Amino acid sequence: MSELYRLEQIRYRYANEQRCALDIASLSFATGHLYALHGANGSGKSTLLNCLALLVTPQSGSLYFRQRRVQRGWFSLPRLRRQITLVHQTPYLFDGTVSDNLRMALRLGGICSNQAQQAVNDALASVGLADFHHRNARELSGGEQKRVAIARALALRPKVLLLDEPTANMDKYSVERLEQLISTLPDQGITVIIASHDQAQAQRLGSQVIELQGGQVVASDDMMIKEKSYA
Numbered sequence: 466m467s468e469l470y471r472l473e474q475i476r477y478r479y480a481n482e483q484r485c486a487l488d489i490a491s492l493s494f495a496t497g498h499l500y501a502l503h504g505a506n507g508s509g510k511s512t513l514l515n516c517l518a519l520l521v522t523p524q525s526g527s528l529y530f531r532q533r534r535v536q537r538g539w540f541s542l543p544r545l546r547r548q549i550t551l552v553h554q555t556p557y558l559f560d561g562t563v564s565d566n567l568r569m570a571l572r573l574g575g576i577c578s579n580q581a582q583q584a585v586n587d588a589l590a591s592v593g594l595a596d597f598h599h600r601n602a603r604e605l606s607g608g609e610q611k612r613v614a615i616a617r618a619l620a621l622r623p624k625v626l627l628l629d630e631p632t633a634n635m636d637k638y639s640v641e642r643l644e645q646l647i648s649t650l651p652d653q654g655i656t657v658i659i660a661s662h663d664q665a666q667a668q669r670l671g672s673q674v675i676e677l678q679g680g681q682v683v684a685s686d687d688m689m690i691k692e693k694s695y696a
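Residue numbers for the sequence shown, in our numbering: 466 to 696.
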């Protein structure tokens, strides 16, 4: 089992806030696995996703990605970020069609134009939007926009997919379709880390659960396994 992330003594505090948004002594994620971050609002789930996306730098501690320590201003940071895609709870879509949005992301990701059309077709089909190529992205429902954002992320073929409340505000069919897709991604070599309030979702997906409270890890499947082994 290959280690993807390792966090040691990580502390992150937003400006003008006294309490740490993250205060993690030790946490690791393995390559090709599916994880679910659980916790109430303000528990640190979204902040942890932003940290794992290498978009925020902790004020103290060490973050390792693929066994290399990530440092502020590191020359290879942009290259590392291309391996990771974060889909926010309320994703931003560009003006234009659904296909325009995916093509824009592919251009920014440096994917050749002769590969783009097939990547767009495959990604939209995977989220059940094969007929949405020419729809105006800004006129879609909230659930449809989120599915477009996930398709856009998958088109980039990331090594890591970070999802913040991916099925919020979706109808039952869309939730089932998306969960079915997500459950297959680890077998394709994509590590998936989801922040979700849905306790039952982790069971449906068969994901490893990490419980957060006040920015701290209070329980994880790994902890539970260790406790049982000493019982």
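Ideal Cβ placement from N, Cα and C applies to all residues, glycine included.
Bear in mind that the values here come from a model prediction, so they are computed numbers and not experimental data.
Practice prompt. Can you check DSSP and say which residues form a bridge with I659?
Written response: A501, L628
Worksheet item: For A620 versus D587, is the C-beta distance shorter than 9 Å?
Response: yes
Practice prompt. Can you check the region 587-630 for any beta strand (DSSP E) of at least 3 residues that lies completely inside it and give the ranges in chain order?
Written response: 625-629
Item to complete: Would you list the one or two residues that DSSP bridges to R476?
Response: Answer is D488, S525, bridged to R476.
Worksheet item: Less than 9 Å separating the beta-carbons of Q666 and A501?
Response: yes
Fill in: C-alpha distance - H553 paired with S639, whole-angstrom precision
17 Å
Practice prompt. Can you tell me which of the three DSSP states Y557 falls into?
Written response: coil
Discussion item. Just to confirm the assignment, what range does the beta strand (DSSP E) spanning I576 have?
Written reply: Run containing I576: none; DSSP gives neither H nor E here.
Item to complete: Look at the alpha carbon of K510 and the alpha carbon of V625, and state the distance between them as a whole number of angstroms.
Response: 16 Å
Worksheet item: With C-beta atoms as the reference, is R531 less than 9 Å away from E468?
Response: yes
Item to complete: For N601, I'd like the list of residues in its chain whose CB is within less than 7 Å of its CB, leaving aside the five on either flank, ordered along the chain.
Response: T562
Discussion item. Measuring CB atoms only, is the region 477-496 touching the region 674-684, in the sense that at least three cross pairs come out at less than 8 Å?
Written reply: yes
Item to complete: Return helix, strand or coil for E482, following the three-state DSSP convention.
Response: coil
Fill in: Span of the beta strand (DSSP E), counted from its first residue to its last, around H550
According to the sequence as given, residue 550 is Thr; it is not His. Per DSSP, T550 belongs to the beta strand (DSSP E) from 549-552.
Worksheet item: Can the beta-carbon of S672 be found closer than 9 Å to that of I659?
Response: yes
Item to complete: Check each candidate in E644, S525, A486, Y529 and name the one with the smallest Cα separation from T496.
Response: If we check each option's Cα against that of T496, Y529 comes out closest.
Item to complete: Determine the closest residue to N566 out of R546, F597, Q548, with distance taken between C-alpha atoms.
Response: F597
Worksheet item: What does a CB cutoff of less than 8 Å around N515 pick up in its chain, not counting 5 residues either side in sequence?
Response: V521, L551
Item to complete: Would you mind sorting I475 into buried or exposed? The rule is 16 or more other CB atoms within 10 Å of its CB.
Response: buried
Fill in: For F559 and L605, the rounded distance between their alpha carbons
Each residue's alpha carbon lies about 12 Å from the other.
Worksheet entry | Close-in-space but distant-in-sequence residues of the same chain around Y477 (CB under 7 Å, 5 per side omitted) | C485, A486, L487, T512, C516, V521, P523, Q524
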